[in-house]
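This report refers to the structure that appears directly beneath it.
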Amino acid sequence: MKKLSLVLGLMLFAIGSILAQKTVTGTVSDQNGDPLLGASVLVKGTSSGTITDIDGNYSVKVPEGSTTLVISYTGFNTQEVEVGNQSIINVTLMEGVTLSEAVVTALGVQREEKALGYAVQEVGGDQLTISNDVNFVSSLSGKVAGVQVISSSGASLGGSAKVRVRGVNSLVGGDPLYIVDGTPITNENFSNDVGGSDYGNLAADIPTSDIEKISVLKGPAATALYGERASNGVVMITTKKGSFGKKGLGVTVSSTVSADRVYILPEYQDEYGGGYEQTWEEATDPVDGKSYRILNYSADESWGPKMDGTTYRPFWSWYPGTPEYGTEIPLSPNPDNVRDFFDTGITNINTVSIDGGTENTGFRFGFSNLNQTGVLPNSQLDRNGINMSVRHKLAERLTLGVNANLVFTDGSGRPEFGYSTRGGNPVNSFNQWFQRQLDMSRLADYKNPDGTFRSWNIRSTSDPTPLYWDSPYFAVYENVRTDSRDRYFGDINLAYEIVDGLTISGALRRDNFTQRIQERVASGGLEEPWYREFVANGTEDNYELIGNYQKDFGKISFDAMLGGNIRKNIYHQNNAQTVGGLTAPNLFNTSASVDRPDLTSEIREKTVRSVFGSANVGFNGVAYIGVTLRNDWSSALPADNNNYLYPSVSGSLVFSELLNTSWLSFGKLYGSVAQVGADIDPYLTNSVYDYGTAPYGSSSSFAVPNLLPNTVLEQTLSTSWEAGLDMRMFNNRLGFNLIYYEASTKNDILRVQVPGSSGYAEALVNAGLITSNGVELALYGTPVRNSNLTWDISVNIARNTSKVEELYGDLTNYKLADGIGGSRWGGFSVNARVGEEWGLANGRGFTYDDQGRLVITETGSYVVTANKDLGSILPDFTGGVLNTLNFKGIELRAMIDFQVGGQFFSTTRMFNAYSGLGAETVGNNALGNPLRDPLTDQSGAPIDGSSILASEAGSNSGGILVEGVSATGEPLSVYVEPQTYYGRMFGLHERWLYDASFIKLREVSLGYEIPKKVLGKLPVQSLKLSLIGRNLWLIDSKVDGIDPSEVLPGSNNIIFEERGGLPGVRSIGAKLTVGF
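This note's numbering numbers the first residue of the sequence shown as 0 and each following residue consecutively.
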């Protein structure tokens, strides 16, 4: 409350200090007299500013007391002009390049880009809002070299997005550290990676509209000052802020509305209806005594009769007492029945920001509201965010700062993904267990007059109750999941400049969240009614003290930093769920559990104490060298071995300063070497008992856990070096940054099996060595720049390889993750294998002879090789291309990202074919006959069997042609009945392993800013209207019906399997931004 009162008081003080302003107009042109479109005109020391229009004209309000305009344009030298008494100021800019651009580095320190000896890449806030994605993490796709973003489908309603920086750096993978204005925040995820709802990653709580820019720190030298949290990179977020000296208020209002539609679905067949075979069944109606054709309603596959218009009784004609009872209809396809299930989702994003200041105060206040109705019926997401930043000079050398962020999220009906036994995933049903003739409008009527539920999958004509599957509308309207999250993070900081160049600062930082989830399965459905309540609360506090010193000694520049930090993490989690059903229908309370409810609680606490420092020396603006050092003491490690030192050394040579070439604007060689770590979770080094009730009913009991703790565990250590070349040419019209790096990580913490005689099943050990190397290229240029048209283009491309060098003792293979599935189709896994690239897929595959020919049997079955290595899941290349064109005030932005290589296993495609739903199960064979026609012999008569040698098949035979060789090498060609063929393919993992390559037009915006002269005397400073789109075109993909860039299964850290995922969503909308 005291902090809030202080912030509000400072804001009122600032608003009350607004003074008079005057307007300055003019024209900005180049040395040839051509007007410059989009040049920046800022009032120095304030946030007041504008950009020039097509004719190079500008108009800006200058607060009283401000004296200088700062005019800048890409490729030109920045110029400062004194305002004085002038009201018209025309400026001519000279082409050139500025070498002192500042970038944000570790601990929020701004350094000159030319002085850095390591890779840092920035993304401006305007690039994050091209299409206004609800998760800013997804907006990083393709925009940073060496950063891979894997997202969940847009249908998941605020679902997860995962970032990999420079591939995989350890055996078990990991996420980068997220920092907001110096405050570390958690990116926790409460989704299940097998099935259930995706509640999103917590970094998504940051509203994109509040972000000024993002700096991605990639290698250990860039991240070394974060010590034991830095091994997977750092994503540093700088939010928008007010400025000192602004004598007035700036108000910006924006409103975005988008329509969201499913745009990619598996390809379905529309020739055959439900059933296990093509023959019709018959049933006698007890009312009229007549016999009717029927489908096998209980069959959840589509191998049934041909949909040729033959009349039959549908499932809904067997409900007694309904008007439709006894109705016959033709058996006809419903090609859009799956698409018809989905709604048009609507996303509304509204933001308001107010910024201003006085000579001694700068502030910004932002509010954002997200309201999203999903593409799945009865799903909605609401998110409200408040961002506040205040800085106030308490004295000439003493400055107080406050950054506060509050986010409140509420979700209802978030769709399920994957294979969940509770509640069901309707999309999973459509793609794997369905019938192609079904009319979705009939399924929407899922309630009987007596309140019981109906579905297409009836048991029989005399018992029209569901057998295997509830109606998909039952799943979304009755099994409703709700969730909420309250989040606040920020800091209060104080900085005192003791003498010129010497500053001491302190900060108290906090990140806190409370996540609540309620999940239920309604009474009356096929699943046992069930209810679950989950609550988690996490807090991280950082107490920070830093001293900075900066001074120039002639041609030598010097800066140093020394600091300390105490970090405390506390995490509480409570989970309660019913067992055995509910004592009363739809009484959703854990106290209504039939059997004793399952109650679990978890508490984790951890403290890390750190000291750190850095020193940087520059020589005449040409050569720079820097060192950093950090030591962490972690409470999670054994007391006698709980501290680790993390050093880094970096340097750069600005060789363009030594050359006198007109075409070279800037050139820098740089390199670094560093070591960072990864800490462990608490309580892994001590013996603790598991708490439970077995075997004494409700009585408490304690048991020795299955995991043997390790009292000598150490931190994981990563060592890396990198070298780069940064060049800009032709007055900054063309440039590139090329980086090569190598890294090694040892002492990963693994669970390994131990003999049962030890009393444990597994033990924790330090083990393994993984090496990686890679190349990153960031290329950018301005091919066209004149008075009418500017075209900027940036290209990012990267390649990373990670190889497993060692494991533990004689262990040569370590299973990283199992695919889902039972004995029939399980057995797929991803592994770390010594001598192989990380992420080696393994499962059942085809058998080839020494000439590379498929080995089959005389019945057309493929000879299966068990435990076959199937290649790495990691991509070979990732990247993106961003084009920006500005023509006479019309701005077009188009973002394409791509991936080459990588693999994923698709359960959707496997089930889609197995159940006869997929388009690949129909069509014509090599003889020109329908695949599902009967197999015939040379006389044209149907055979009694599921396969026939091609040499014995008739010219009118159906079936799929399988070609290969026998075990002895003899050529074999066999026609196999499709249902049998795909039944054999079920669980043959290699068949359903797909290349994850793609090229995607991910984001497009087309905007027009109304010229100030058109706005005239309207009470607005700027007005911009944009058309925006996201996921507009999957230009190229190696798999039909699935977007390879959106296969993230919830919280899974190792992305390798599409598990009954949700369909891709295309968003098209409009955005209006008004400045006052």
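Beta carbons: idealized from backbone N, C-alpha and C, even for Gly.
These numbers were taken from a predicted model, which means no experiment stands behind them.
- Contact between residue 879 and residue 141 holds, with the beta-carbon distance rounding to 2 Å and staying under 8 Å.
- Sequence-distant Cβ neighbours of residue 930 in its own chain, meaning closer than 8 Å and more than five residues away, are 920, 921, 922, 923, 924, 957, 958, 959 and 977.
- Contact between the stretch 698–714 and the stretch 745–756 is present: three or more C-beta pairs spanning the two stretches fall below 8 Å.
- C-alpha of residue 1070 to C-alpha of residue 788: approximately 23 Å in a straight line.
- Listed as beta-bridge partners of residue 496 by DSSP are 502.
- When the beta-carbon positions are compared, residue 255 and residue 131 come within less than 9 Å of each other.
- Three or more Cβ pairs closer than 8 Å define a contact, and the stretch 208–218 meets that threshold against the stretch 161–169.
- According to the DSSP assignment, residue 572 belongs to the beta strand (DSSP E) that extends over 555–581.
- 9 Å or more divides the Cβ of residue 514 from the Cβ of residue 488.
- Distance from the CA of residue 727 to the CA of residue 72, rounded to the nearest whole angstrom, comes to 16 Å.
- With fewer than 16 other Cβ atoms inside 10 Å of its own Cβ, residue 290 counts as exposed.
- Leaving aside the five residues that flank residue 122 on each side, the residues in its chain whose CB is nearer than 6 Å to its CB run, in chain order, 142 and 213.
- In the three-state reduction of the DSSP assignment, residue 1039 falls in the coil class, being assigned neither a helical nor a strand state.
- Membership of residue 909 in any beta strand (DSSP E) is not indicated; the residue belongs instead to the alpha helix (DSSP H) covering 906–913.
- Counting C-beta atoms within 10 angstroms of its own C-beta, residue 543 has 16 or more neighbours from the protein chains shown and is therefore classed as buried.
- Taking the C-beta atoms as reference points, residue 842 is found nearer than 9 Å to residue 866.
- The alpha-carbon separation between residue 889 and residue 49 amounts to approximately 16 Å.
- Listed as beta-bridge partners of residue 752 by DSSP are 761.
- Taken atom to atom, the span from the alpha-carbon of residue 528 to that of residue 451 is near 14 Å.
- For residue 1020, no alpha helix (DSSP H) run applies, since DSSP gives it neither H nor E.
- DSSP, reduced to helix, strand and coil, places residue 639 within a helical segment of the structure shown.
- Counted as a single uninterrupted DSSP element, the stretch harbouring residue 659 is not any alpha helix (DSSP H), since DSSP gives it neither H nor E.
- Within the same chain, and ignoring the five residues on either side of residue 548 in sequence, the residues whose Cβ sits closer than 7 Å to its Cβ are 500, 501, 558 and 559.
- Between the C-alpha atoms of residue 114 and residue 375 there is a straight-line separation of about 51 Å.
- In the DSSP assignment, residue 348 is bridged to 369.
- In the structure shown, residue 84 falls within a coil segment according to DSSP collapsed to helix, strand and coil.
- Taking residue 518 as the centre and dropping the five residues before and after it, the same chain places the C-beta of 480 and 531 closer than 6 Å to its C-beta, in chain order.
- The straight-line gap separating the alpha-carbon atoms of residue 758 and residue 702 is approximately 11 Å.
- DSSP places residue 770 in the strand class (E or B) of the three-state scheme.
- Distance between residue 382 and residue 235, taken at the CA atoms: about 22 Å.
- Within the stretch 964–1003, the runs of alpha helix (DSSP H) at least 4 residues long that lie entirely inside it are, in chain order, 977–984.
- Rounded to whole angstroms, the gap between the alpha carbons of residue 274 and residue 910 is 15 Å.
- DSSP places residue 925 outside both helix and strand once states are collapsed to three, so it counts as coil.
- Proximity to residue 230 across 506, 176 and 183 peaks at 176, based on C-alpha coordinates.
- Straight-line spacing of the CA atoms in residue 102 and residue 649 works out to 16 Å.
- About 56 Å separates the beta carbon of residue 992 from that of residue 1075, a gap too long to meet the 8 Å contact definition.
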